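Residue numbers (this note's numbering), protein chains in the order written: chain A, 2 to 213; chain B, 382 to 608.
Beta carbons are placed, not taken as given, at the ideal position from N, Cα and C, and that holds for glycine.
Everything numeric in this text was worked out from a predicted model, so none of it was measured.
For reference, the structure is listed below as structure tokens.
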Amino acid sequence: MATFRLQGSRVLAVDMTGDAVKAKNGSMVAYDGQMAFKKMSGGGEGIRGMVTRRVTGEQMTVMEVKGHGTCWFADRATEINLVELRGEKLYVEAGNLLCTDAGLRTGTSFTGLRGATQGNGLFTTTVEGTGQAAIVSDGPAVVLRVSRQYPLTVDPGAYIAHQGDVRQSFQSGVTFRTFMGEGGGEAFQIRFEGDGLVYVQPSERTTIAGDV
Amino acid sequence: MPFRQINSKMVEATVTPGAKIFSQRGAMLAYRGDVSFTPNLQGGQGGLASMIGRRVAGEAAPLMTVEVHQGPHGRAGTPTGTVLFGHGGHHIQVIELSGDTLYVEADRLLAFDGTLQQGTMFMGSQGGVMGMVRGQVTGQGLFTTTLKGHGAVAVMAHGGVIEVPITPQRPVHVDPQAYVAHHGDVRNKLSTALGWRDMVGRGSGEAFQLELSGSGTVYVQASEEKL
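What follows is the structure, given as structure tokens:
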């Protein structure tokens, strides 16, 4: 299996011995040894995956990198976080997924209204199986624990990914004041309940929520 | 060594009397001591001929000379100065040279030791036609700046920088947009991984790479954006 390691906080080094990884298109910055790059499409494999991709608009262009040696990946100098999956499912915004072990299955999942407020569409990418994944964040991400007693509420623009047995619901703080233009700028939130981990970045994407 | 890394985006240079530092114009953030900054019309050293060479090559980055004045009390009272350099919030990497040659684009140079010999190199002389294509692909032109000797160089990058060693057994391929600089006994050429699929628009986005072989070090930035 390919070995993922961070070189600094913004460069991912993957050591490969004939195995393969899936990475965001164009994210390779350097490699040594022998590597081959092949374009794939995200959203899961096969016909079903292709149909889902068309319908959901959760299109990410992914390439398969296969070879012997070390391949370095980076994306616009954003911070990289390593996630170890042991049979669980990781939910991540397609734009934040940098690289996964080729053995991990990727798919799409319906996110409901949350996606709409993020401006990311109604669907999100899922990564499932056993292996490593690398996600990017604007600034160093924090991993927050959600447990039965302690639910967590996150700004949609700062949310990047979550894993575990977690239910998410959409919360709106839209009041009369919001419409009068006196809102607090925090009109929408995502609430996580259950047992799992949520990755939050120290930056806020521009979302519809931010304008309300 | 005159450069001390303050944080990832700032370096401090110590200037002693009689010694010179060249820096990109406008890169001074703060200084202590009796330091003077003079625009360097010759764009470094090497005199007029070399300046014209650089103008033609398009590698004439506006430089300034940083020096300290002799103190009023003669040599005994001569101070050393310290200067903070940084530019545009870019990441800064200090590279130490011990007799070898550093290849770097002029606009990435933040500051360097005045003892280093400056020059330009025609990229086509390495790697032939592909060496010339390289400039077109990377948008960096046909020439690159060389610095040779013993001393330190501070270069700018977008995001962090990693050092990748090049050994005769292991050539390194670098994305032309992520390439920052290299030094050592290294040959570089542009290689393509273009297949028929890429021609019909199904490329992986990794069509061209810079292939560096020999022995030395290449510096790669954590981003595919230019400065």
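**OP:** Determine the DSSP secondary structure at B:D488, reduced to helix, strand or coil.
**Re:** If DSSP states are grouped into helix, strand and coil, B:D488 belongs with the helices.
Subject >> Beta-carbon proximity list for B:Y412, same chain, < 8 Å, skipping 5 on both sides >> reply: Sequence-distant Cβ neighbours of B:Y412 in its own chain, meaning closer than 8 Å and more than five residues away, are G462, T463, V464 and L465.
**OP:** Within the same chain, show all residues whose beta-carbon is closer than 6 Å to that of A:T71, passing over the 5 residues directly before and after it, in chain order.
**Re:** These residues qualify, in order along the chain: A14, D16 and D33.
Original post:
What residues in the stretch 23-37 of chain A bring their beta carbon closer than 7 Å to a beta carbon of chain B?
Top reply: Flagged, chain order: N26, G27, M29, V30, A31, Y32, D33 and G34.
**OP:** Would you identify the three-state DSSP class for A:N26, choosing helix, strand or coil?
**Re:** A:N26 falls in the coil class under three-state DSSP.
Original post:
Under the three-state reduction of DSSP, which class applies to A:A142: helix, strand or coil?
Top reply: Here A:A142 carries a coil assignment [DSSP, helix/strand/coil].
Original post:
Cα separation between A:R106 and A:S148?
Top reply: Spanning the two alpha carbons is a distance of roughly 26 Å.
**OP:** With a 10 Å radius around its C-beta and 16 neighbouring C-beta atoms as the bar for buried, classify A:A210 as buried or exposed.
**Re:** In this prediction, A:A210 has a pLDDT of 49, which is less than 50 and means its spatial position is unreliable; what the coordinates show is noted afterwards. Buried is the call here.
Subject >> Coil, strand or helix - A:G68 by DSSP >> reply: A:G68: strand per DSSP, three-state reduction.
Original post:
Grouping DSSP H, G and I as helix and E and B as strand, with all else coil, what is B:G467?
Top reply: In the structure shown, B:G467 sits in coil (DSSP, three-state: anything other than H, G, I, E or B).
Original post:
Are the beta-carbon atoms belonging to B:Q593 and B:P549 less than 8 Å from one another?
Top reply: Here residue 593 of chain B turns out to be Leu, not Gln, going by the sequence shown. With contacts defined as CB atoms closer than 8 Å, B:L593 and B:P549 fail to qualify as a contacting pair.
**OP:** Check whether the Cβ of B:V545 lies closer than 8 Å to any Cβ atom in chain A.
**Re:** It does: the Cβ of B:V545 has a partner Cβ on chain A nearer than 8 Å.
**OP:** May I ask which residues mark the beginning and end of the beta strand (DSSP E) holding B:P546?
**Re:** Unbroken beta strand (DSSP E) run through B:P546: V542 to I547.
Original post:
How big is the Cα-Cα spacing for A:H163 and A:D156?
Top reply: About 13 Å.
Subject >> Extent of the continuous beta strand (DSSP E) to which B:L591 belongs >> reply: In the DSSP assignment, B:L591 falls within the unbroken beta strand (DSSP E) covering F589 to Q602.
**OP:** Classify A:G96 as helix, strand or coil using the three-state DSSP reduction.
**Re:** Helix.
Original post:
Hey, does B:R568 have any beta-carbon neighbour from chain A nearer than 8 Å?
Top reply: Not closer than 8 Å to any Cβ of chain A, the Cβ of B:R568 fails to qualify, so no.
Subject >> Residue range of the unbroken beta strand (DSSP E) whose run includes B:H450 >> reply: For B:H450, there is no enclosing beta strand (DSSP E), since its DSSP letter is neither H nor E.
Original post:
Listed from N- to C-terminal order along the chain, which residues in the stretch 59-82 of chain A have their beta-carbon within a distance smaller than 7 Å of any beta-carbon of chain B?
Top reply: For the stretch 59-82 of chain A, the residues whose beta carbon sits under 7 Å from a beta carbon of chain B are, in order, M64, W73, A75, R77 and A78.
**OP:** Compare the Cα-Cα distances from A:E65 to each of A:A75, A:M36 and A:S173 and report the closest residue.
**Re:** Considering only alpha carbons, the answer is A:M36.
Subject >> A:G19 CB to nearest heavy atom of the ligand MN below 7 Å >> reply: What this structure holds is no ligand at all, so the ligand MN is not there to describe.
**OP:** Please check the pair B:S572 and B:Q590, which I expect to be a contact at CB under 8 Å, by giving their CB distance rounded to whole angstroms.
**Re:** At roughly 5 Å, the Cβ-Cβ gap stays under 8 Å, so B:S572 and B:Q590 are in contact.
**OP:** For A:M29, count neighbouring Cβ atoms within 10 angstroms of its own Cβ and tell me buried if that reaches 16, exposed if not.
**Re:** Buried: at least 16 other Cβ atoms inside 10 Å.
Subject >> Pairwise C-alpha distance: B:T501 and B:P557 >> reply: Straight-line measurement puts the Cα of B:T501 at about 19 Å from the Cα of B:P557.
**OP:** Please confirm if A:G9 has its CB atom under 8 Å from at least one CB of chain B.
**Re:** By this cut-off, A:G9 is an interface position.
**OP:** Step through the CB atoms of chain A and report whether any lies within less than 8 Å of the CB of B:L444.
**Re:** No, its Cβ sits nowhere closer than 8 Å to a Cβ of chain A.
Original post:
How many Å lie between A:F74 and A:G130 at the Cα?
Top reply: So the alpha carbons of these two residues sit roughly 22 Å apart.
Original post:
Under a three-way DSSP split, which group does A:T131 fall into?
Top reply: Correct three-state label for A:T131: strand.
**OP:** Return the bridge partner residues of A:G197 from the DSSP annotation.
**Re:** DSSP lists A:V147 and A:G165 as partners of A:G197.
Original post:
Checking contacts by CB at 8 Å: is B:S594 closer than that to chain A?
Top reply: Taking Cβ atoms only, chain A never reaches closer than 8 Å to B:S594, which makes this a no.
Original post:
In terms of alpha-carbon separation, which member of A:A142, A:T154, A:Q150 and A:P152 lies closest to A:I161?
Top reply: Nearest of A:A142, A:T154, A:Q150 and A:P152 to A:I161, Cα basis: A:A142.
Original post:
Residues in its own chain within less than 7 Å of A:F5 by CB, not counting five upstream and five downstream?
Top reply: The residues are L13, V15, L83, Q133 and A135.
Original post:
Which of the residues in the stretch 550-566 of chain B, read from start to end, lie with their CB under 9 Å from any CB of chain A?
Top reply: Those residues of the stretch 550-566 of chain B that come within reach of chain A (Cβ to Cβ, closer than 9 Å) are R551, P552, V553, H554, V555, D556, Q558, A559 and Y560.
Original post:
Per DSSP, what kind of secondary structure is B:Q474 in: helix, strand or coil?
Top reply: Three-state result, B:Q474: strand.
**OP:** Go ahead and pull the three-state DSSP assignment for B:Q405.
**Re:** Per DSSP, reduced to three states, the secondary structure at B:Q405 is strand.
**OP:** Measuring alpha carbon to alpha carbon, tell me which of A:G104, A:A95 and A:V201 ends up nearest A:T126.
**Re:** Looking at the Cα atoms, A:A95 is the closest of the given residues.
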